[in-house]
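In my numbering, the protein residues as written are 953 to 1244.
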C-alpha cells in the first residue's frame, strides 16, 4: 500500500530540491559587483580589480553546468512527461519574449537618437543640457567613422543566415531519424557560430585600434558608441550562449540522446538560435545600413 501511494499518479514532475538557482544567483551578484569594481572601483576595491569578476564568472559557469547536467539527467530518467514538456515549451517561449523586450530597449534608444536627433538638439542649452544637445545635433555624431555594412557586417549576416539553415537541417534530420545528418548539420551550425564570434571580435579590434568611435574629432561619440557596443555586444554574447547550447546538444546527440519524437532540448536550442538570427537582421538593417 505504501508503494502504491509513493508512485506518482499524474503527469507532472516535481524536481528534487536543487542548490543551483540560489548558487547561480549569488555568483551572478559577485560577478556584477566584480564588473563594477573592475571598471570603477567599489566597496573599497580599487579600479582595475578584476579577480572578483572572474571569481563570480567561474562560479556562474560552474553552477550553470551542474544545473544543466541535472536537467539532462531528469530528461534521461523519463521525468519530462508530455505535460512537463508543454511547461518547458511555455517557459522557453516566455524566456525568448523577455529577450525580445531586452533588445527592444536598445532599438528604442537607437531609433530615438537616429530619428529625433534634430529635435533633441534644440533643447535649451542650459548647463545640464549643453553637451547632450551638442551630441544630438547630428547622427551619427560628427567625427564618428562608421563601419561599412558591406564588409564584415555583411559577412556576419551571411554566416548567421547559413547557420539558421543548417540548424533547421539538423532539426529536420532528427525528426526523420537521420542521426548522422543531424550530427553533421549541428556541427556545421556550431562552427558557423564560432566563426561569427571571431569576426565580431576582429571587428571590435578594428574599431578600437583605429579609434573609429573615440578619436579626438569624435568628441560627442559617447551616445553612438554606447548604443552600438551595447546592442551588438549583447547580441554577440547571445550568439556565444547559443553556440554553447548547441554544443551541449551535439554532445548529447553523440551520446545517443534525443529521439524523433522527444528532443525538446535541441528544439529549444534551435528556437533560441533562430531568435539570435532575427535580432541580427534588425541590427544589420538599422545599426549598420539605415543609420550607418
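For glycine and all other residues, C-beta sits at the position ideal for the given N, C-alpha and C.
Judged by DSSP in its simplified three-state form, residue 997 adopts strand. Around residue 1231, the same chain offers 1055 and 1187 as residues with beta carbons nearer than 7 Å, after the five sequence neighbours per side are excluded. Secondary structure note for residue 1028: its alpha helix (DSSP H) is the uninterrupted segment 1003 to 1028. Spanning the alpha carbons of residue 1233 and residue 1115 requires a straight line of approximately 13 Å. Rounded to the nearest whole angstrom, the C-alpha separation of residue 1041 and residue 1214 is 13 Å. Take the alpha-carbon of residue 1004 and the one of residue 990: they are about 8 Å apart. For residue 1135, the enclosing alpha helix (DSSP H) has its first and last residue at 1131 to 1162.
Boundaries of the alpha helix (DSSP H) around residue 1108: 1104 to 1127.
With a 10 Å radius around the Cβ and a threshold of 16 neighbouring Cβ atoms, residue 1067 comes out exposed. Out of 1097, 1106 and 1203, the CA that lies nearest to the CA of residue 1218 is found in 1203. Per the coordinates, the alpha-carbon of residue 1002 lies some 15 Å from the alpha-carbon of residue 980.
Closest option to residue 1177, judged by alpha-carbon separation, among 1192, 1052 and 1239: 1239. For residue 982, the uninterrupted alpha helix (DSSP H) run begins and ends at 972 to 991, by DSSP.
Residue nearest to residue 1126 within the set 1209, 1095, 1153 and 1060 is 1209 (criterion: CA-CA distance). Short of 6 Å from the beta carbon of residue 1006, and not among the five residues preceding or following it, lies no beta carbon of its own chain. Each of 1151, 1222, 1113 and 1162 was checked against the Cα of residue 1138, and the nearest Cα belongs to 1222. Residue 1034 sits in a helix when the DSSP states are folded into three classes. Here the alpha carbon of residue 1120 sits roughly 14 Å from the alpha carbon of residue 1145. Looking from the CA of residue 1131, the closest CA among 1097, 1205, 1189 and 1108 belongs to 1205. For the 8 Å CB-CB criterion, residue 1220 and residue 1044 form a contact.
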